[in-house]
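*Asks:* Quick note, in this note's numbering, the sequence shown goes up one by one and the last residue is 637.
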Amino acid sequence: PPPSEVARIQREEAFKAKLTRGELKNEKRNQAKSGFLLFLLVLAILALALWIFQAVQ
């Protein structure tokens with residue numbers, strides 16, 4: 581694999597080695613929450629854009 585891929589894999593392994601199983605679950609849960617909030621934000625922006633577009637016409 582390319583050197584950047586090797587470095588990424590090494591960083592992931594070092595990160596996982598530092599965390600306990602519970603901490604890893606918490607990290608994944610927080611990432612899922614962040615992804616859901618980002619989805620809601622994008623959805624709200626699209627809804628506002630549609631509302632403004634309809635109001636202008």
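Just so it is clear, CB atoms sit at the ideal spot from N, CA and C, and this is done for glycine as well.
Source: prediction; values computed, not measured.
Would K613 and L604 qualify as a contact pair, given that the criterion is a beta-carbon distance under 9 Å?
*Replies:* No, the Cβ-Cβ distance between K613 and L604 is not below 9 Å.
*Asks:* Near Q637, what residues of its chain come up, given a Cβ to Cβ distance below 7 Å and the 5 sequence neighbours on each side ignored?
*Replies:* So the list is empty, once near-sequence residues are dropped.
*Asks:* R591 to L628, Cα distance in whole Å?
*Replies:* Between R591 and L628, the C-alpha separation is close to 40 Å.
*Asks:* By the three-class DSSP mapping on this structure, what secondary structure does L626 have?
*Replies:* Of the three classes helix, strand and coil, the one that applies to L626 here is helix, per DSSP.
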